[in-house]
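Presented below is the structure to which this report refers.
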Amino acid sequence: MLNFSCKTFAGAVKSFEPTKVLLSINIHNQPDSLGYNIVQDFPKFIYPKIMNGLINLWNNPDKEVKINGAALASIQNSSNTSFENVQNVFVHEIWELNNNFLDIAIIGFSFINKTQDGSVSYGFVDYEDLKPLLAKINIPCNSNGFVNITYEEVLKKMEFNFSIIQFGNDDFKNYPEKSLKIKKYLFENPKVKYLSDIKKNDKYKLIRFEIHNIDSPQNTILFSSISSFFKENMEQFYNLGADKDFNYLEKYPDLIFSKIKVTEIIKYNRENVNSKISSVQFFIEDKSLPVCTLDFINQMGIIVNFKPFAEFIVEKNYELILTQVNNENISENHTKEILNKIKNGEKILIKH
């Protein structure tokens, strides 16, 4: 194997020995098309765990001195900064290239913030301390992301925009062109294969939308079917969670529903896109009924236009208002555009 130097990448390189690497991930360099911003959410995710002692914060990667929650609070107060609002997350890794197979091991993370006088270092968190949490906690995502992507997957697959600050003994802070050269060679070179132990899984989006009782043919069919069903099955209506101390028929004799809120899960499996209702909430005027699951709805046996309720809802042949995709709120006038893109698996670029 070769020892690393900047000259190493001047020609074809098939191998280099394990090399310490420092990456910088900047909050402003993460495009919305990624579906998430790890710099925006990662510090917020680990901060409370540092403060309550669940995760160790050290003064540096050598882990010489432990920084407790009180000490971290003091650092923030004295520097008038916030750990949760850092602009850059620094990732310590070890890279090894062996016959064009790139292996990357994460060591830990450093957190530094800018101040009026320069910068303040909060400390270092060991990856091993975080590993169990990162593997099971999903990263918050906008409409382009998927709700079942974990922090571990983002970090291990390196699906974020980054800069190489240091590679071995070479510091690239003042030589970004050298950093870009290495990055391009290792991550844009078809001959280099990046080894990752993250398995490919189906991806999911979560959408929320509202259906209003408006003068539209399919909406009218939907709401009249629901009203008729519950008027004929009042026990089912109260099983739904309606307040038994409130006389609905006295105040709303026609039992006219005004709105339905729906949560739906969109599953992407290779070339297929499938939808499944997760939950439903009915409204009568301004009075809401408890949220109910799809299983509960199916057990009741509501039929709309000769179809089971859930099947009718999934088809979306009625007027609806999309309110949320994943963790992102959606403006009403983007409903049709975004639903079409979700159906086709396209990126969603929203101009707010």
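Per numbering that gives the first Met the number 0, the sequence shown starts with residue 0, numbered consecutively. For each residue, glycine too, the CB sits at the ideal point set by N, CA and C.
Round the Cβ separation of residue i and residue j to the nearest angstrom and send it over; I've been treating them as touching at under 8 Å.
| i | j | result |
| --- | --- | --- |
| Lys65 | Asn55 | 6 Å |
| Phe89 | Ser109 | 4 Å |
| Ile148 | Phe166 | Between Phe166 and Ile148 the Cβ distance is about 28 Å, and since that is not below 8 Å, they are no contact. |
| Asn168 | Phe123 | Between Phe123 and Asn168 the Cβ distance is about 20 Å, and since that is not below 8 Å, they are no contact. |
| Ile301 | Ile225 | 7 Å |
| Val272 | Lys342 | 6 Å |
| Tyr184 | Leu101 | Contact doesn't hold; Cβ gap of about 10 Å is too wide. |
| Tyr317 | Ile210 | 6 Å |
| Phe222 | Thr322 | Rounded, the Cβ-Cβ distance is 19 Å, inconsistent with contact. |
| Leu293 | Ser277 | 6 Å |
| His91 | Leu179 | At roughly 20 Å, the Cβ-Cβ gap does not stay under 8 Å, so His91 and Leu179 are not in contact. |
Identify the residues that DSSP records as bridge partners of residue i: which are they?
| i | result |
| --- | --- |
| Pro307 | Ile302 |
| Glu209 | Lys260 and Ile320 |
| Ile283 | Lys286 |
| Gln165 | Leu21 and Asp170 |
| Lys65 | Trp57 |
| Thr149 | Asn137 |
Rounded to whole angstroms, what's the CA-CA distance from residue i to residue j? Just pull it up for me.
| i | j | result |
| --- | --- | --- |
| Gln235 | Ile206 | 27 Å |
| Asn2 | Glu127 | In this prediction, Asn2 scores a pLDDT of 44, lower than 50, which makes its location untrustworthy; no coordinate-derived value is stated. |
| Ala134 | Glu151 | 5 Å |
| Asn390 | Phe161 | Any property of residue 390 remains undetermined from this structure, which presents the chain solely from 0 to 351. |
| Met0 | Val324 | Bear in mind that a pLDDT of 39 at Met0, under 50, signals an unreliable position, so the number given afterwards is only what the model happens to contain. If you take the alpha carbons of Met0 and Val324, they lie about 48 Å apart. |
| Ile111 | Met50 | 17 Å |
| Val12 | Lys198 | 28 Å |
| Ala72 | Val38 | 20 Å |
| Glu231 | Cys291 | 20 Å |
| Lys340 | Pro139 | 20 Å |
| His351 | Ser330 | Residue placement at His351 cannot be trusted, given a pLDDT of 45 that sits under 50; the coordinates are not used to answer. |
| Glu158 | Ile103 | 13 Å |
| Leu239 | Pro307 | 17 Å |
| Pro131 | Leu53 | 12 Å |
| Gly34 | Gln86 | 18 Å |
| Gly344 | His333 | 16 Å |
| Phe295 | Ser195 | 41 Å |
| Tyr267 | Val191 | 28 Å |
Is the shortest distance between the beta-carbon of residue i and the beta-carbons of chain D less than 7 Å?
| i | result |
| --- | --- |
| Phe100 | Structure shown: chain D not included; a single protein chain is present. |
Check your understanding: Does the region 92 to 105 come close enough to the region 15 to 27 to have 3 or more Cβ pairs within less than 8 Å?
Key -> yes
Check your understanding: How about the region 135 to 149 and the region 201 to 215: do they share at least three Cβ pairs that are nearer than 8 Å?
Key -> yes
Point to revise | Contiguous alpha helix (DSSP H) assignments of at least 4 residues, all confined to the region 241 to 281 | key: 247 to 250
Exercise for review: At 3 residues or longer, and completely inside the region 67 to 141: list those beta strand (DSSP E) runs for me, N to C.
Suggested key: 87 to 97, 100 to 114 and 117 to 125
**Study point:** Ranges of the beta strand (DSSP E) found wholly within the region 9 to 56, counting only runs of at least 3
**Key:** 15 to 25
Exercise for review: Take every Cβ of the region 43 to 51, pair it with every Cβ of the region 72 to 86, and state whether three or more of those distances are shorter than 8 Å.
Suggested key: yes
Check your understanding: Okay, do the region 303 to 318 and the region 208 to 219 touch, 3+ Cβ pairs below 8 Å being the bar?
Key -> yes
Practice item. Check whether the region 251 to 261 touches the region 281 to 291, taking contact to mean three or more Cβ pairs, one atom from each stretch, closer than 8 Å. Key: yes
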